[in-house]
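Residues in the sequence shown are numbered consecutively from 1193, following the numbering used here. For glycine and all other residues, C-beta sits at the position ideal for the given N, C-alpha and C.
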Amino acid sequence: MSLLPTEALARRALSSRLLRAAVDLARWCGPVTPVDVDGMPDPHDVRAAIERFGLWPSGLGRDRERREAWAEGITCVSQAEEFTVAWRTAQHLGMIECETGQARPAPELERWLGSPGRVLRWWTLAFHSCVEQSLRGIAKLEPHTTLARLYESPNGAHVPLRLVTQEILPAREAHYLPARCPAWNTVLLTQALWQLSDTGAISLGWHGPRSEDAHTPRAAPTWVELTDLGRFGIRQIILAEERPAPLTEEFIRLDADEFLDALADFSFDGQLVALTAWLDARTPEQALREIVTVSSGPGLALRRWNATMALGTISSRVEPQLYALLRSGDPTLASLASVVLLASRMLSEHERARLTAEFGHWTAIDMFAAATCLGETGLKSFLVSEAAEGIDRVLLDDVARLWRLEHPDTRSVLRMLGQHHPDPSIAARARAASAHAPARVEGA
């Protein structure tokens, strides 16, 4: 996740379909072009501009006869959507001035075109407008939900549209939804992405050969790629909403606590990219020291869960240090080390059984507490996932063990399980375990 220099981004902005058409129309309307009270040219002039700049509807393909027939049928400029969008964009950006029934290029147009900063401001305004019209207007999605997922993808990654649909559309709801979404949602998202691709922010493509059909030039793609220009534009939106939008070079400078906490807002793919960048900037021993320092104590279950992901990628290189943590007097860190070791597949069956027996209930509480930090939706999603399968037995088959060395989140986790576990019998057992909790020691 990185950005190109301003000059390179400006060149790509000017080559995008939307901004290129806006500039072409701004130049075309000179020295003056008659316009109506709404600032729109006469249909005859519109047909000439469409023919000159290729502003045909996508559904017409390359069939010249169909194009000519469609153009002859234009009686109102609003029928020519491609032209109207580009013309309105040029007006909105100040490339075209409309006064006393005449449109003309802005006097400073050519000088402005030589300024990378001005060009990027133009493109950003056009991109923001298109985001609202396409994602919010067509797909009925909060733009940040979609854009953040694409922003996390590595440079050049082809993200399958199927995954985008599965990850984005459920997130628009306040309650838990299964991963499968109605087909019409995918259609709406595809329509929105096609419109967004005109800004040059994304590319859409197909795996394998694509059959050419002149009547369906915008058939459903199979993947979406965020371009360098799109990464720049999305970053501006995310930062304007006062949300974090770190780049690779910023990731590596984050302290361990900031870094681990930020991982919670990323998708799985985004987490892998961030982890790679952060860990590559440190030796395994340094990374372990930094992570351990900020992962000890109550209220940090989600941070520790993210820490297990980070340490899992370097576990074979810090194995002795992980075993040393098992013998530390801090049960939160010992449990963290046990999770990393159990996931590493470096242990014998005897060692696995011993660690599970000794730290299993702490690990289970930490996992449930981490899911609870993501809110009710996060907890419900975790409870029906494979990762949660069997953990309830680790907790509830030996309730007395929960209180011999009490995890700081045990009581809240049992309360949440009693309220939200989809299995009524397990929910009842959690409530019963919570009811038998010993009285808290004053000052503890």
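Residue i to residue j span [Cα, whole Å]
{"i": "A1529", "j": "L1455", "result": "19 Å"}
{"i": "E1365", "j": "K1332", "result": "Note on E1365: pLDDT 41, under 50, position unreliable in the model; no value is reported."}
{"i": "D1472", "j": "Q1478", "result": "11 Å"}
{"i": "A1629", "j": "A1619", "result": "16 Å"}
{"i": "D1453", "j": "N1498", "result": "8 Å"}
{"i": "L1381", "j": "L1327", "result": "7 Å"}
{"i": "V1356", "j": "E1291", "result": "45 Å"}
{"i": "L1396", "j": "E1324", "result": "19 Å"}
{"i": "G1348", "j": "E1417", "result": "7 Å"}
{"i": "T1337", "j": "A1631", "result": "43 Å"}
{"i": "S1581", "j": "L1575", "result": "Reading off the sequence, residue 1581 comes out as Glu, not Ser. Whole-angstrom Cα-Cα distance: 8 Å."}
{"i": "F1458", "j": "I1444", "result": "16 Å"}
{"i": "G1610", "j": "S1577", "result": "18 Å"}
{"i": "L1480", "j": "L1597", "result": "25 Å"}
{"i": "H1367", "j": "G1231", "result": "Confidence at H1367 is low in this model, with a pLDDT of 33, below 50, so the placement of that residue should be treated as unreliable; the coordinate-derived value is given next. Cα-Cα distance, rounded: 46 Å."}
{"i": "E1300", "j": "R1209", "result": "22 Å"}
{"i": "Q1283", "j": "V1229", "result": "14 Å"}
{"i": "W1595", "j": "D1522", "result": "16 Å"}
{"i": "R1623", "j": "L1606", "result": "7 Å"}
{"i": "S1573", "j": "R1537", "result": "26 Å"}
{"i": "A1218", "j": "R1256", "result": "26 Å"}
{"i": "E1541", "j": "L1534", "result": "10 Å"}
Own chain, CB closer than 6 Å to residue i, minus 5 neighbours either side, in chain order
{"i": "P1352", "result": "W1415"}
{"i": "S1520", "result": "A1526"}
{"i": "V1510", "result": "P1476 and L1480"}
{"i": "P1233", "result": "T1225 and V1227"}
Beta-carbon contacts of residue i that lie in its chain and below 8 Å, excluding the five residues immediately before and after
{"i": "L1525", "result": "V1484, S1487, S1488 and L1517"}
{"i": "L1195", "result": "L1201, D1420, R1423, F1424, R1427 and L1439"}
{"i": "G1265", "result": "Q1271"}
{"i": "I1394", "result": "L1342, L1385, L1388, V1416, E1417, L1418, T1419 and G1422"}
{"i": "S1604", "result": "A1561 and T1564"}
{"i": "R1179", "result": "Limits of the chain in this structure are 1193 at one end and 1636 at the other, which puts residue 1179 out of reach."}
C-beta neighbour in chain D for residue i, strict 8 Å
{"i": "V1227", "result": "Here there is only one protein chain, and chain D is not present."}
Residue i classed as buried or exposed, judged by whether at least 16 other C-beta atoms fall within 10 angstroms
{"i": "Y1343", "result": "buried"}
{"i": "E1450", "result": "exposed"}
{"i": "H1613", "result": "buried"}
{"i": "G1552", "result": "buried"}
{"i": "W1470", "result": "buried"}
{"i": "E1482", "result": "buried"}
{"i": "G1635", "result": "With a pLDDT of only 47 at G1635, under the threshold of 50, the placement of this residue in the model should not be trusted; the figure read from the coordinates follows. Classification of G1635: exposed, given that the 10 Å Cβ count is below 16."}
{"i": "G1251", "result": "exposed"}
{"i": "R1244", "result": "exposed"}
{"i": "S1626", "result": "buried"}
Strand pairing of residue i, partner residues [DSSP]
{"i": "G1397", "result": "W1415"}
{"i": "R1296", "result": "E1289"}
{"i": "V1351", "result": "V1416"}
{"i": "P1226", "result": "Q1294"}
{"i": "D1346", "result": "Note on residue identity: the sequence assigns Pro, not Asp, to residue 1346. Per DSSP, none; premise fails for P1346."}
{"i": "P1233", "result": "V1227"}
Close-in-space but distant-in-sequence residues of the same chain around residue i (CB under 7 Å, 5 per side omitted)
{"i": "A1412", "result": "T1382"}
{"i": "I1157", "result": "No answer is possible for residue 1157: it lies beyond the span of the chain, which begins at 1193 and ends at 1636."}
{"i": "A1466", "result": "F1443, L1455 and F1458"}
{"i": "L1211", "result": "A1205, W1314, W1315 and A1318"}
Validate contact between the stretch 1293-1303 and the stretch 1221-1232 using beta carbons, cut 8 Å, 3 pairs | yes
Is it a yes or a no for the stretch 1306-1315 touching the stretch 1272-1280, going by three-plus beta-carbon pairs under 8 Å?
-> no
Report yes or no: do three or more beta-carbon pairs, one from the stretch 1538-1546 and one from the stretch 1589-1603, lie closer than 8 Å?
-> no
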